[in-house]
Amino acid sequence: MVLNLIFLGPPGAGKGTVAQAVMDKYKLVQISTGDLIRAEVAKGSDLGKKLSVIMSAGQLVSDSIVSEMLKSELSKLVSKKGFSGVVFDGFPRTIPQAEMLNGILLSHKQKLTSVIYIESSKEKVVARLSARWTCPKCKKVYNTLTMPPKKSGLCNDDNTALYQRDDDKPETISKRYDVFIEKTHPLIEFYEKKGLLKRYDGNVPPKESIAEAEKIIAKIAK
Ligand SMILES: [Zn+2]
């Protein structure tokens with residue numbers, strides 16, 4: 167049974183951890199469009215040079231270029247012995263990209279097995295991610311939920327008052343969450359209509375979240 171999966175989830179929902187565990191268990195390969203682009207640039211190929219120009223101009227790499235890279239990567243993987251499936255990372259983000267991915271998979275006699283949506287409420291995401299506090303002096307990072315300093319608000323090593331980096335502030339996290347929902351909502355509806363979306367509540371410890379995802383996959387794989 168080949169599993170071709172996409173994981174979706176807001177920042178802080180544990181998507182990376184769950185995807186990694188599933189890939190290990192089912193021997194799936196990750197296809198990350200970001201990695202493909204970086205690898206091409208590092209190779210210094212003609213395409214790599216083009217990509218490097220596009221990115222240094224702060225522009226987005228076009229869907230058609232990404233599509234070509236995905237096609238050639240998938241060709242390599244599918245022809246390997248023991249191919250058991252892929253997890254797509256960073257792609258698709260839009261409906262046109264999702265349709266393109268369908269076409270790419272079809273041309274390799276593959277199809278998307280499922281899109282697993284790890285849900286998490288904004289309150290939970292903000293609470294989890296805004297627990298990070300940093301020491302301005304020694305840069306040590308604390309987590310008030312899992313690794314609090316011995317004295318509240320002070321660094322263990324040098325007693326300096328801890329602060330929150332902008333990225334760790336509740337308002338920044340809350341905004342990131344809103345952006346994710348706004349951008350991902352159409353994609354979620356798209357896959358829901360196709361009957362491919364499986365969602366579960368990710369507001370549980372990582373082990374339980376992984377077990378939940380594996381339960382969903384076990385059902386599909388039947
Ligand atoms: Zn310190």
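When the count follows the numbering used here, it moves up by one through the sequence shown with no breaks and lands on 388 for the last residue. Ideal Cβ placement from N, Cα and C applies to all residues, glycine included.
| query | result |
| --- | --- |
| Do Pro371 and Ser286 have their CB atoms nearer than 7 Å? | no |
| From Leu220 to Asp323, what distance separates their C-alpha atoms? | Rather than Leu, the amino acid found at residue 220 in this sequence is Ile. The alpha-carbon atoms of Ile220 and Asp323 are separated by roughly 45 Å. |
| One question on the structure: do Arg331 and Thr350 come within less than 7 Å of each other, judged by their Cβ atoms? | no |
| So if I measure from each beta-carbon to every heavy atom of ligand 1 and keep distances below 6 Å, which residues remain? | Cys301, Lys303, Cys304, Lys306, Cys321, Asp323, Asp324 and Thr326 |
| Write down every uninterrupted run of the alpha helix (DSSP H) in the stretch 185 to 239 whose length is 4 residues or greater and which is fully enclosed by it, in chain order. | 199 to 209 and 212 to 222 |
| Kindly list the residues whose CB is nearer than 6 Å to the CB of Pro258, restricted to its own chain and excluding five residues on each side of it in sequence; keep chain order. | Ala264 and Leu267 |
| Let's see if you can read the secondary structure: which residues bound the beta strand (DSSP E) around Gly251? | Gly251 to Asp255 |
| Would the beta-carbon of Gly248 fall within 7 Å of that of Ser375? | no |
| DSSP beta-bridge partners for Ile282? | Phe173 and Lys364 |
| In terms of residues, what are the limits of the beta strand (DSSP E) holding Tyr308? | Val307 to Asn309 |
| For Ile231, which option in Phe254, Ile284, Glu206 and Val184 has the closest C-alpha, if you only look at C-alpha atoms? | Glu206 |
| What's the gap between the Cα of Glu289 and the Cα of Ser296? | 10 Å |
| Which one of Ala223, Ile203 and Lys215 has the shortest CA to CA distance from Glu234? | Ile203 |
| CB-CB under 8 Å to Leu217, same chain, minus the five flanking residues each way: which ones, in chain order? | Ile203, Glu206, Val207, Val227 and Ile231 |
| Could you tell me which of Gly319, Ala327 and Ser318 sits nearest to Lys303, measuring between CA atoms? | Ala327 |
| Please report the straight-line C-alpha distance between Ala387 and Leu272, rounded to a whole angstrom. | 19 Å |
| Kindly give me the distance between the Cβ atoms of Val244 and Gln276, rounded to whole angstroms, as I take these residues to be in contact under 8 Å. | 7 Å |
| Taking Cβ to Cβ, would you say Lys193 is nearer than 7 Å to Ser250? | yes |
| Distance check for Leu320 and Pro399, CA to CA, integer angstroms please. | This structure cannot speak to residue 399, because the chain is shown only from 167 to 388. |
| Out of curiosity, what's the CA-to-CA distance linking Ile383 and Ile347? | 24 Å |
| Would you kindly work out how many angstroms separate the C-alpha atoms of Leu311 and Gly210, rounded to a whole number? | 44 Å |
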